[in-house]
Amino acid sequence: MSLTHHRQRGSGVMARAIGHLLTGALVLAVAWLAGLFWYAADVPRSPPTGADAQRPTDAIVVLTGGSNRLVTGLELLAAGRAKKLFVSGVYDGVEVQELLKLSRHSPTEMECCITLGYSADSTIGNAYETADWMRDQGFRSLRLVTANYHMRRSMLELAMAMPDVELVPHPVVAPTVHLDDWWMWPGTANLLVNEYNKLLVVGLRWMVRSMVRD
Numbered sequence: 001m002s003l004t005h006h007r008q009r010g011s012g013v014m015a016r017a018i019g020h021l022l023t024g025a026l027v028l029a030v031a032w033l034a035g036l037f038w039y040a041a042d043v044p045r046s047p048p049t050g051a052d053a054q055r056p057t058d059a060i061v062v063l064t065g066g067s068n069r070l071v072t073g074l075e076l077l078a079a080g081r082a083k084k085l086f087v088s089g090v091y092d093g094v095e096v097q098e099l100l101k102l103s104r105h106s107p108t109e110m111e112c113c114i115t116l117g118y119s120a121d122s123t124i125g126n127a128y129e130t131a132d133w134m135r136d137q138g139f140r141s142l143r144l145v146t147a148n149y150h151m152r153r154s155m156l157e158l159a160m161a162m163p164d165v166e167l168v169p170h171p172v173v174a175p176t177v178h179l180d181d182w183w184m185w186p187g188t189a190n191l192l193v194n195e196y197n198k199l200l201v202v203g204l205r206w207m208v209r210s211m212v213r214d
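Letter by letter, the sequence shown follows residues 1 to 214 in UniProt numbering.
Shown next, in the form of structure tokens:
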């Protein structure tokens, strides 16, 4: 067999390999894009209503990151939806009275029922900080208050950190996140893409964890 034939055969093998790689990359890209649109469409557009909104839990947990989350958590506590409120991921130096004043609630009425967590600086940190507090309190159910686009990933993290605790989602609608035609809003599109990628990582951890357990 001539040297030229060897080179032609090698070039053909290389071309096929590159073709397979490109096809695989295209399939992954299409799957990723389809998942992104599914995720964006699944983000809640309004707060919960009906039985889910009224259901009592042992605790209310607020993940910091937006003022509306804290206001919602305090309103739920004032309405008697839970015994205590835990705010996870608070900056050092922020005290309960300051948070209550910012939210226009009377410190004397609610301060006793609120605990602040200072150790978490990420969603996975929120999950483990919350799990430790729930364990110390002996609680078995919680209502999770966080932004609507952040809810799915937060629920996964908390479920992995405390699989025996009942989780009730209470998404807060973020007014600056434009979910309708989100791809036309650069800020919203960037936020959703980043959150979706983080969700994929958490989902992969969930799958690996499940396979190891099985």
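Ideal Cβ placement from N, Cα and C applies to all residues, glycine included.
Check	Outcome
Run through DSSP, which three-state label would leucine 199 get?	helix
Considering only their Cβ atoms, is the gap separating arginine 55 from valine 168 smaller than 8 Å?	yes
What separation, rounded to the nearest whole angstrom, lies between the Cα atoms of glycine 187 and threonine 176?	9 Å
Report all residues from its chain with a CB closer than 7 Å to the CB of tryptophan 206; omit the five preceding and five following residues, and keep chain order.	Leu156, Met160
Count the other CB atoms within 10 Å of the CB of leucine 144; is the residue buried (16 or more) or exposed (fewer)?	buried
Which residue's Cα is closest to the Cα of valine 62: Arg213, Gly24, Asn148?	Asn148
Looking at methionine 134 and leucine 142, is the spacing between their C-beta atoms short of 8 Å?	yes
With which residues is leucine 85 paired in a DSSP beta bridge?	Ile60, Ile114
If you reduce the DSSP assignment to three classes, tell me which class proline 186 lands in.	helix
Please report the straight-line C-alpha distance between arginine 81 and tryptophan 182, rounded to a whole angstrom.	33 Å
Leaving out the 5 sequence neighbours to the left and right, which residues in its chain are closer than 6 Å to glycine 73 when beta-carbon positions are compared?	Ile60, Val62, Leu85, Val145
In whole angstroms, give me the CA-to-CA distance for valine 202 and valine 208.	10 Å
May I have the straight-line CA-CA distance separating glycine 125 from tryptophan 38, to the nearest angstrom?	27 Å
DSSP has histidine 178 in a bridge; who is on the other side?	Partner(s): none; histidine 178 has no beta bridge.
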